[in-house]
Each structure stands twice: as structure tokens, then as C-alpha cells.
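Novice:
There are 2 protein chains.
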Amino acid sequence: MTQNPDAHRAEAAMSPRKARSALLARVEERLAGFLAEERRTWAASNPDAVELVDCVADMVSSGGKRLRPSFCVAAYLAAGGDPGSSAVVDAAAALELLHTSALLHDDVFDASELRRNEPTAHIRHAVLHTERGWHGEPRRYGESVAVLAGNLALVYADRLMAGAARTEWSRRIWGELSTELMVGQFLDVRAAARFRPDPALARWIALFKSGRYTVSRPLAVGAALADGTPGLQEVFEEYGLALGEAFQLRDDLLDAFGSAEVTGKPARLDFKQHKMTLLMSFALADEPEVRDLVGDDLPGTDPDELHALLIRTGIRDRVEAVIAERLKVANEAVAASLSPRWAAELQAMAKAAVHRDK
Amino acid sequence: MTQNPDAHRAEAAMSPRKARSALLARVEERLAGFLAEERRTWAASNPDAVELVDCVADMVSSGGKRLRPSFCVAAYLAAGGDPGSSAVVDAAAALELLHTSALLHDDVFDASELRRNEPTAHIRHAVLHTERGWHGEPRRYGESVAVLAGNLALVYADRLMAGAARTEWSRRIWGELSTELMVGQFLDVRAAARFRPDPALARWIALFKSGRYTVSRPLAVGAALADGTPGLQEVFEEYGLALGEAFQLRDDLLDAFGSAEVTGKPARLDFKQHKMTLLMSFALADEPEVRDLVGDDLPGTDPDELHALLIRTGIRDRVEAVIAERLKVANEAVAASLSPRWAAELQAMAKAAVHRDK
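Respectively, the protein sequence lines represent chains A and B. So the first sequence is numbered by my numbering: it starts at 180 and just counts up by one. So the second sequence is numbered by my numbering: it starts at 180 and just counts up by one.
1. Which runs of the alpha helix (DSSP H) spanning at least 4 residues fall entirely within the stretch 293-356 of chain B, listed in chain order?
2. To the nearest angstrom, how far is it from the Cα of B:A328 to the Cα of B:H278?
3. I want to verify the contact list: residues of chain B whose CB lies under 8 Å from the CB of A:F450, in sequence order.
4. Does the beta-carbon distance from A:D476 to B:D337 come in below 7 Å?
5. What residues in the stretch 479-511 of chain A bring their beta carbon closer than 7 Å to a beta carbon of chain B?
6. Check each candidate in A:R350, A:T299 and A:A305 and name the one with the smallest Cα separation from A:R396.
7. If you measure from the beta carbon of A:H314 to each beta carbon in chain B, is any gap under 7 Å?
8. Kindly indicate if chain A contains any beta-carbon less than 7 Å away from that of B:D233.
9. For the stretch 422-459 of chain B, which segments carrying the alpha helix (DSSP H) assignment without a break, of at least 4 residues, lie completely within its bounds, in sequence order?
10. Quick check on B:H534: buried or exposed, where buried means 16 or more other Cβ atoms within 10 Å of its Cβ?
11. Between A:V513 and the rest of its own chain, which residues show a CB-CB distance below 6 Å, the 5 nearest in sequence each way excluded?
12. So which residues on chain A does B:W221 lean against when the C-beta distance must stay under 8 Å?
13. So if I threshold CB-CB distances at 8 Å, which residues from the stretch 404-423 of chain A count as touching chain B?
14. Please determine if the stretch 358-371 of chain B and the stretch 213-230 of chain B are in contact, where contact requires at least 3 C-beta pairs separated by less than 8 Å.
15. By how many angstroms is the C-alpha of B:E310 removed from the C-alpha of A:D471?
16. Report the neighbours of B:S357 on chain A: residues whose CB is nearer than 8 Å to its CB, in chain order.
17. Within the 7 Å Cβ cut-off, does A:G474 reach chain B?
18. Restricting to Cα atoms, I'd like to know which of A:A266, A:H308, A:S357 and A:D431 is closest to A:T346.
19. Secondary structure at B:F374, three-state DSSP: helix, strand or coil?
20. With 7 Å as the threshold, decide whether the Cβ of A:S395 is near any Cβ in chain B.
21. Counting only the same chain and skipping the five closest in sequence on each side, list residues whose C-beta sits under 7 Å from that of B:I384.
22. Look at the alpha carbon of A:V469 and the alpha carbon of A:R447, and state the distance between them as a whole number of angstroms.
23. I'd like to know if the stretch 422-439 of chain A and the stretch 501-509 of chain A are in contact, where contact means that at least 3 CB-CB pairs between them fall below 8 Å.
24. Check the Cβ of B:S549 against every Cβ in chain A and list those closer than 9 Å, keeping chain order.
25. Strictly under 7 Å for the Cβ-Cβ distance: is B:R303 near chain A by that measure?
26. So, does the CB of A:A254 fall closer than 7 Å to a CB anywhere in chain B?
27. Could you pull out every residue in the same chain whose Cβ sits closer than 6 Å to the Cβ of A:F288, ignoring the five residues on either side in sequence?
28. How many whole angstroms separate the CB atoms of B:V324 and B:H301, which I take to be in contact at a CB cut-off of 8 Å?
29. Which of helix, strand or coil does DSSP assign to A:T480?
30. If you drop the 5 nearest sequence neighbours on each side, which residues of the same chain put their C-beta closer than 7 Å to that of B:R429?
31. Taking A:L246 and A:T456 to be in contact with their CB atoms under 8 Å, please state how far apart those CB atoms are, rounded to whole angstroms.
32. So A:I494 and A:D465 are supposed to be a Cβ contact under 8 Å. How far apart are they, rounded?
33. Nearest to B:A546 by alpha carbon, out of B:M238, B:L489, B:E484 and B:K530?
34. Going by Cα to Cα distance, which pick from B:E440, B:V232, B:P519 and B:N510 is closest to B:R295?
35. Beta-carbon within less than 6 Å of A:Y255's beta-carbon, same chain only, minus the 5 sequence neighbours each way: which residues are those?
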């Protein structure tokens, strides 16, 4: 048990938003402090190694939304966890580092050149390789460095979580979350290469990658650390899967219709990379015109023509309606089970996650 | 404390070799059982995911030397650990899975096509991609799958270790070992690209990658789980660093002078990839003729000419002498501190590790 009455009174005096912000500020301090300490250690032992630590630190400080730490901290507080505990701070920092690892690797798998308006790590290191006149292939060097930086971030995540997750239950959730992330990434990479319209698989991947990994599992980690009741796990699962699907649909819409300057990523990258997104799987299932245009050959489809068709057939509006419906399911899940103030807070978080422009 | 008098008596009745073999047999069972269970779980949830689990399982069952589990188990028993405990079995299995992860990634970084006489994972999946007529670049697909399989192996390693390492001390050693592995790999990749004769850096990398990662740290993990005295940690560090250097020199000699059929790896890969190995750094430091041939341009040096020169100048024999001297240091470290039967066992392990043909 990490609850204590004094902490409870202090927390009760604060609004959920303030209590959450206070913990998230400590998560930022922990991330910065941990990475600064690693930097110092390696600078003393082998200064070249600092380049790799910096790869991790640069991604962490590049302006992520901190969705996973936010959900973790919110569930922890909603389940009555002691706001003064350091375990939840370490766990939330671990979730962000795990995500940092996934982004570094994802950019290699997708051959992405831009992330958060900056050149991606593998591109930066390929350029450094060329500028320094080094031997071998710049692409392989840049990608190796990005993979190793992702590995280091994963190791850091595990180190932080090893100290935080003292119960069998919390360790199990972290193990499942990490395993699901790798398998989900693999299925995503595989589906993109295979490229067959498969709405069931697209939905499965979206539920796994966005629903569980981004929302349900971080909530479950927070609830486990607060020693919450198993009942809350089910609520968080329902909320997470509905919100995750809405979140993924928003991602797909932003990719298809958003602006690169706002999102920080190249526009319509999913089209160009022929991803079988949740959006595309809906469009192919519902719209004969989209099926006719794409046929068996999305890779051969003109991205501009597809883009125009998605608007003209009203698929964009219908996906907005699905987002609204999923949001409603998420909201009802928490309304039925949490205290009114924490239900309201999680509803506000859900709204922010799906009504965003980047 | 995991010691108990009954277990001690049972262990004492067994030779160190037999006690070690008995534990290692349980490590094999644990690895096979864990991976079979993961395979079943994913086959029921999403059969495509089994391809990724199999990538890990294939590498685990492809005939590795199990050096890290062997050292872990030996230190555990030498420090008086209960031979019936399951924690050391999980920890030793975790060390093998961490190594599996490193091999899967290493083969991508080195663009290796062959490992243990079989095509490497990234090559196999690039070929599958082509055979299946999938979209995108076969190389990127194959490498992404191998990286994700390595990630999955790393996650499996952490899951097994999270259950085994219950003390702050054992968790710290595992965290340091994993961090050092990633940094060591990065420095290795960086040094290969930079390619400057730098004997100090080559030795540092060898001590890190072979000494600590292969020998000292696995020994330290075993000793920590047995609740051994801190005195033993120092002994294992001394033994490990000396043996690690000898081990790495043997690796370099096998690469330079061994047979591909026996080692299962392409011959003279280090030369072809212009690696600044410990062997090359010795040769460049000691042999003006080698310096003259290589100049500032090892990548431009003819591998066959270099190979002949290393034999003619006697560098091969001198490296054998260094191996013998390092082995002596390792042997003396354990002779001074362990029971005679465990000192003899660790000496036999050291001999086997450096006198090998693959």
C-alpha cells in the first residue's frame, strides 16, 4: 500500500488537474535528472558514449505529448495512490522512455526523415558519418546508431521500472505492455509490406498500438502502483480501448488531412508509404469508389486522387462520427465507476487526446 | 538468502561440473518452455505474430555456447547458492536472451549474411519479403524484423530477470550490464566507421564487450543471487577482465586464421569490414611492416596481404602468448579466493573459453 491519510488530504485539497500536473512536473525532473546523470557517468568513462545518451535525451526533450505518463499518473491518483510516492514518478518516466525507444526505432522502420519538425536520429547520424568522412555506408551507420539509441532507451525504461514495480502484478503488466509493443510493431511493419485491405487486422493493430499501449496499459500501471482494486482495471481497459481507437483515427485523419507544419511530420506519409491504416480500412470497407480506385494496388494509387476521394465520399465526416461515438463509450466507462472529479478529469483527457491538431 | 543446508549437502555430493550441468539443463528447459508458451499465447491471439517469436527461438536453439549462463551458474554455485532455486535458472536464461538480442541486432549492424552456418534473420526475412512479392524494400523489411526480434528477446530477458532479481544489488548489476552492452555496441560500430588505429579504444571495447559483458557481469549476477560476499565480486571482476581479453583475442585469431566451416561465420569478416580489432591494434602498435602496409587506410588494404603479413611477422604467435598470460592471471585470481574445487572448475571453464576452434 502506498496510500496514507495525510497525502490523501493534501491531494483532496488539490484539483485533479493540479495533482496530475504536480506529479507530471516530477516526471520531467526525473527524466532530465536520470539522463543528466547518465551523461555525466559516460563523459567520465568514455566521452564518445555521450553521443548515444544524447540521442535518447534529444528525443525525450523534443516536445512529446507525454500521453502515457499522463494516463499512468491519472489512474494512480484516481485509484487513491499517495501523491508523494516516487514509484509512480519512476514508472511514468519509464513509460516515456519506452515510447522514446519505439519512436527511434519506428523512424528507422518507416524511413522517416522528419519527427517533431527535426531530422530524425538515423538521418542526423548518417549525415554526421558523411561529414566526418567515415568508412562504410552512411545509411547503415545512421540506422545502427538509432537502433542502439532505442535499445538504450528501452534499457533505461526497464531500469526505472525495475525499481518502481515491486509487486508481481505491476511487473506482469509492464512485461505484457513491452511484449505487446514489439509484437504490435512487427504486425504493423508486416501489414504495411503485405499490403492487403484487411480491416480486421488494421483494427487489431490500432487497438493494440493505440488502445492498449498508449492508454489502457499506462492506466493499468498507474492503478497497479496505487494498489487499486481489480475492478478499476476493467474500467481502464474499456476506456482505453475506446479512446485508443478514437486516438488512432485522429492520427490517421491528421496524416491524411493535417498540415505538416503543425504536425511536425511529412503530410500524407501513410498514403505515400501505403499503410493499411484504420482510416483506409474503413474507406475500403465502406466505399465502392475507394475500392475501385485502389483495387489490389494501393501502392500504385495516386495519393492526391485518393485524398480528394476520401473527402468527396464523406469518409472524413464519417470517421469523425466514429471518433465521437468512441469518445462517448470511453466517457461512460469512467462516469460509471470513478469519483465524479476523476471521471471528469479522464473525460477531459480523452477529449484533448482526440481533438488535437498534431 | 537462498542457501539451505540440505541443498548444500546435495551439491557437495556432486562435482562442480555435474552441479553446473544440472543447473544448465534446467536453463535450457526454461528457455524452451518460456518460448513455447509465448508461441502458444500468440498463436491463439494473432498467428502472424508467431513469426517474430520464432525469430527469437531459432536464434536461441541454433547452437550457442551458453557462455554467459555457464558463468552465471558457476558463480552462483561457487558462492554457495541453493542449487534447487529457480531464480538463478531464470537469470541465466535472461542472460542468454539478452545475448540473443545482441546477436540479432549485431548481424544487422555488420550486414552479416551468415551466423552459425545459417542465413541471418534479416537475410531470411528479406528473402521471404521478395518471395511473397510484398511491397517496399526487402532489405528494410528484413532488417526491421530482425531489430524487432532483438527487441522482443530483450523484453523477454527483462521479464525473466524482473522475477529473479529481488534485491537492489542484483537489479543494479543487471541494469549496468544491459546499459554497458548498448554503449559497448555503439562504441564498436562507431570505431569501425571511424577506423583509426586506436589500441587504447580497441582494448576498452574488448574489455567491455568480452570481459564485462561475457564473463564478469554474468559471474556477478550469479554471485548476487547466491547472496555471495562482496569479496567474490572483486575476484570475479579480475578473473573476468583477464579472461575476457583472452577470449576476445581468440575471437580475433579465429576470424583472421580460422575456417568458416568450423566457426560458422564467413572467414576474415573483421578484415573485410575493416574492424579495429584488438588483434589489429596490437599489430599496428608493434609491427612497423603492418603500419606500412595499412597506413591510414585499413579499408583500402588487401585482406590477403594483411593476413600473410600477420603470420610472417609472428604477430599470431605473440597474440597466443598474450592469451596464455591473461589466462594465467584469470587462474590465479580464482585460485587465491575460491574453494579448490570451484577454482579448478573456473580454471577449466577459462581454458575451454580460450582454447576453442569456433
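For glycine and all other residues, C-beta sits at the position ideal for the given N, C-alpha and C. Just so you know, these numbers come straight off a predicted model, no measurement behind them.
Specialist: According to the structure shown:
1. List check, alpha helix (DSSP H) in window: 300-310 and 317-343.
2. The straight-line gap separating the alpha-carbon atoms of B:A328 and B:H278 is approximately 12 Å.
3. Contact of A:F450 with chain B by beta-carbon distance below 8 Å is absent, the smallest such distance being about 13 Å.
4. No; because the gap between Cβ atoms is not below 7 Å, this pair is not in contact.
5. Result list empty, no residue passes.
6. Nearest of A:R350, A:T299 and A:A305 to A:R396, Cα basis: A:R350.
7. So yes, A:H314 belongs to the interface.
8. So no, B:D233 is outside the interface.
9. Here the runs fully enclosed are 439-442 and 448-451.
10. By the neighbour-count rule (16 or more Cβ atoms within 10 Å), B:H534 is not buried but exposed.
11. Same-chain partners within the cutoff: Y418, A522 and L525.
12. Correct list: V362.
13. Going along the stretch 404-423 of chain A in chain order, one finds no residue with a Cβ nearer than 8 Å to chain B.
14. No contact exists between the stretch 358-371 of chain B and the stretch 213-230 of chain B.
15. Distance between the alpha carbons of A:D471 and B:E310 is about 27 Å.
16. Under the 8 Å cutoff, chain A gives V334, D337 and R338.
17. Residue-level contact by beta carbon fails for A:G474 and chain B, as no gap is shorter than 7 Å.
18. In terms of Cα proximity to A:T346, the closest of A:A266, A:H308, A:S357 and A:D431 is A:A266.
19. In the three-state scheme derived from DSSP, where H, G and I count as helix and E and B as strand, B:F374 is classed as coil.
20. Taking Cβ atoms only, chain B never reaches closer than 7 Å to A:S395, which makes this a no.
21. The residues are G363, L366, D367 and A370.
22. Separation of A:V469 and A:R447 (C-alpha to C-alpha, rounded to the nearest whole angstrom) is 16 Å.
23. Taking a cut-off of 8 Å for Cβ pairs, the stretch 422-439 of chain A and the stretch 501-509 of chain A touch, as three or more such pairs fall below it.
24. In the structure as shown, chain B starts at 180 and stops at 537, and residue 549 of chain B therefore has no counterpart that could be examined.
25. Taking Cβ atoms only, chain A never reaches closer than 7 Å to B:R303, which makes this a no.
26. Not an interface residue.
27. Leaving aside the five residues that flank A:F288 on each side, the residues in its chain whose CB is nearer than 6 Å to its CB run, in chain order, V368.
28. Rounded to the nearest angstrom, the Cβ distance from B:V324 to B:H301 is 7 Å, consistent with a contact under 8 Å.
29. Of the three classes helix, strand and coil, the one that applies to A:T480 here is coil, per DSSP.
30. Excluding five sequence positions before and after B:R429, the CB atoms of its chain that fall closer than 7 Å to its own CB belong to I502, V533 and R535, given in chain order.
31. Cβ atoms of A:L246 and A:T456 stay farther apart than 8 Å, at about 19 Å.
32. Rounded, the Cβ-Cβ distance is 7 Å, consistent with contact.
33. The structure shown does not extend to residue 546 of chain B, since chain B is modelled only from 180 through 537, so no value can be given for it.
34. Comparing Cα-Cα distances from B:R295 to each of B:E440, B:V232, B:P519 and B:N510, the minimum goes to B:E440.
35. For A:Y255, the CB contacts under 6 Å within the same chain, skipping 5 residues up- and downstream, are V267, G401, L404 and A405 in chain order.
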